[in-house]
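To keep things clear, I will list the structure first and then write my remarks on it.
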Ligand SMILES: Cc1ncc(COP(=O)(O)O)c(C=O)c1O
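In structure tokens:
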């Protein structure tokens with residue numbers, strides 16, 4: 003049943019056509035009613051604290067000790083072990099953290115490996131860091147270890163960027179065995195792993211991060227974009243060790259463009275410390291499960307990949323339907339989706355597929371309506 007009681011419409015104004023379109027292109031998380039309520043309460047508490055304003059006096063590279071401790075606490079349940087706060091760097095989002103990692107660990111002219119379909123901004127970030135990117139083939143578990151090993155032997159990469167838990171865009175989840183294999187190859191060839199885990203907190207049954215299995219070779223990032231709110235602009239970066247964490251921050255400690263904003267970080271820290279973050283994350287998870295179940299029911303029989311509670315679906319199209327025709331047909335009917343080549347990191351051919359982000363529409367009814375239009379477009 004479609005129930006919109008728990009989710010609110012906001013008063014954000016959009017361009018006229020975007021107003022009516024059901025936009026499945028962006029993976030913005032659902033917005034639980036709990037979030038604005040909690041934000042109001044938190045800001046009132048801040049206003050009543052005479053010391054609070056002092057925290058805005060200056061930003062800090064990597065956040066305050068308290069912010070880093072809260073980050074470590076937030077990630078510990080994902081890692082299934084305690085993480086030392088001295089390994090955590092707080093940044094103003096995953097993209098900022100990724101750019102810093104590419105600059106420090108790959109460098110101009112260096113090669114970064116990545117899943118052949120990947121986070122759509124990876125290419126732009128790599129260009130800004132003057133880094134080359136090469137894609138690696140995927141199966142239902144993500145990167146093929148033999149392809150990674152071959153590329154390490156022949157191409158001398160400096161790092162591998164990967165998104166092993168509910169991969170964007172294919173939703174692949176890497177098994178623990180595969181994670182171990184990838185880590186062993188990285189260790190053998192001296193290649194850094196950059197693990198991006200934006201959805202990890204929303205999938206408690208997923209295997210532990212590679213960073214928990216192989217901390218020595220992995221730089222791990224979890225932004226709060228999916229599990230709390232995109233607009234907070236906070237991400238936690240976990241270094242292999244306290245020493246490597248210090249070495250990472252040292253050359254960039256005077257460059258404030260990547261510092262987390264103290265106001266946002268104070269909210270995230272407070273929410274983690276008080277358990278509010280857990281409540282918001284659970285509400286997002288519940289809504290994601292409802293939407294994904296609903297979509298999987300409507301699209302029963304179609305070739306979709308979508309683990310339980312995934313925020314997006316990967317729809318592989320039958321041979322008779324071209325992906326661009328399909329997306330154009332949907333657009334005419336008021337539904338926007340992303341075609342596979344938008345995720346390609348290099349020039350290799352793409353599968354005929356589209357990504358459908360179920361999380362962006364504010365109303366669950368719009369998800370149901372949009373997915374029904376997708377289903378109808380598949381058959382006629
Ligand atoms: C793979 C991946 N990483 C990270 C992010 C979020 O990045 P940020 O923390 O900069 O909002 C997204 C958002 O769409 C994503 O798909």
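In the working numbering, the protein residues as written are 3 to 382. Every residue gets a Cβ at the ideal spot worked out from N, C-alpha and C, and that includes glycine. All of these numbers come straight from a predicted model, not from anything done at the bench.
For residue 362, the Cβ stays outside the 7 Å cut-off from all heavy atoms of ligand 1. Going by DSSP, residue 357 is part of the beta strand (DSSP E) stretching over 355–359. Beyond the five residues adjoining it in sequence on each side, residue 139 comes within less than 7 Å, by CB distance, of 118, 146 and 149 in the same chain, given in chain order.
Around the Cβ of residue 93, a 10 Å sphere holds 16 or more other Cβ atoms; the residue is buried. Proximity of the stretch 122–136 to the stretch 97–108 meets the contact definition, three or more beta-carbon pairs being nearer than 8 Å.
DSSP places residue 224 in the strand class (E or B) of the three-state scheme. Within the same chain, and ignoring the five residues on either side of residue 27 in sequence, the residues whose Cβ sits closer than 6 Å to its Cβ are 338 and 340. In this structure, the C-beta of residue 198 approaches ligand 1 to less than 7 Å from one of its heavy atoms. DSSP lists 197 as the beta-bridge partner residues of residue 164.
Membership of residue 46 in the alpha helix (DSSP H) is indicated by the continuous run 36–50. When Cβ pairs closer than 8 Å are counted between the two stretches, the stretch 184–203 is seen to touch the stretch 158–167, the count reaching three or more.
Only residues of its own chain outside the window of five on either side were considered, and among them 300 have a CB closer than 7 Å to the CB of residue 374, listed in chain order. Within the chosen limit of 7 Å, ligand 1 reaches the beta carbon of residue 96 through at least one heavy atom.
If you check the CB distance, residue 293 and residue 380 do not come in under 8 Å.
Out of 365, 52, 43 and 66, the CA that lies nearest to the CA of residue 262 is found in 66. In this structure, residue 266 has its beta carbon at no less than 7 Å from each heavy atom of ligand 1.
Look at the stretch 281–317 and you find these whole runs of beta strand (DSSP E), each 3 residues long or longer: 305–307. Residue range 90–93 is occupied by the beta strand (DSSP E) that includes residue 93.
In this structure, the CA atom of residue 204 is about 21 Å from the CA atom of residue 180. The residues 316, 317, 318, 319, 325 and 342, in chain order, have a CB closer than 7 Å to that of residue 355 in the same chain once the five nearest residues on each side in sequence are set aside. When DSSP states are grouped into helix, strand and coil, residue 141 belongs to the strand group. Distances from the CB of residue 29 to the heavy atoms of ligand 1 include at least one below 7 Å. A Cβ-Cβ distance of about 4 Å is found for the pair residue 271 and residue 72, placing them in contact under the 8 Å criterion.
Residue burial is scored here from C-beta neighbours: residue 209 has at least 16 other C-beta atoms within 10 angstroms and is therefore classed as buried. For residue 240, no alpha helix (DSSP H) run applies; the uninterrupted beta strand (DSSP E) run containing it begins and ends at 237–240, by DSSP. Counting C-beta pairs with one atom in each stretch, the stretch 79–89 and the stretch 225–233 have fewer than three that are closer than 8 Å, which means they do not touch. Distances between the C-beta of residue 259 and the heavy atoms of ligand 1 are all 7 Å or more.
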